[in-house]
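**Student:** Numbering (this note's numbering), first residue to last: 11 to 130. Quick reminder that beta carbons are idealized off the backbone N, C-alpha and C, glycines included. Just so you know, these numbers come straight off a predicted model, no measurement behind them.
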């Protein structure tokens, strides 16, 4: 009878290795792209930024999402909480990228046309 109430601990070794491999592959791809910098990705522009930068942004957001999903145990939460966290994060990150690109372009134009030197 006492053995019926014992808790069974499930090993997460396979899951941990899966997360490790996925994050490692993404990181290796980022490092290789950062070292090689293919010309077709650096010369092609999309929304005023090179495709290589967009790839870095997308891979970084995916890694952040996957880390939160795996290590903060979001896969076990309710659907509403997961959506609230994910959609809020997507909105805030998209807004931050938009503001940085918009203001960065404006500041570049101001310093390019209205100042003698870039000395800060």
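With a threshold of 7 Å on Cβ separation, who are the neighbours of residue 61 within its own chain once the five nearest residues in sequence on each side are excluded?
**Tutor:** So the list reads 51 and 54, once near-sequence residues are dropped.
**Student:** Work out the CA separation of residue 69 and residue 122 for me, nearest whole Å.
**Tutor:** Roughly 32 Å separates the two Cα atoms.
**Student:** Just how far apart, CA to CA, sit residue 74 and residue 25?
**Tutor:** Their backbone Cα atoms lie some 17 Å apart in a straight line.
**Student:** Go to residue 20, then tell me how far its alpha helix (DSSP H) extends in each direction, as first and last residue.
**Tutor:** From DSSP, residue 20 is part of no alpha helix (DSSP H); its letter is neither H nor E.
**Student:** Tell me which residue opens and which closes the alpha helix (DSSP H) that residue 69 is part of.
**Tutor:** Looking at the DSSP string, the run of the alpha helix (DSSP H) that includes residue 69 is 61-81.
**Student:** Please report the Cβ distance between residue 80 and residue 29, rounded to the nearest whole angstrom; I am assuming they are in contact, meaning their Cβ atoms lie under 8 Å.
**Tutor:** That belief holds up - the Cβ atoms of residue 80 and residue 29 are roughly 5 Å apart, short of 8 Å.
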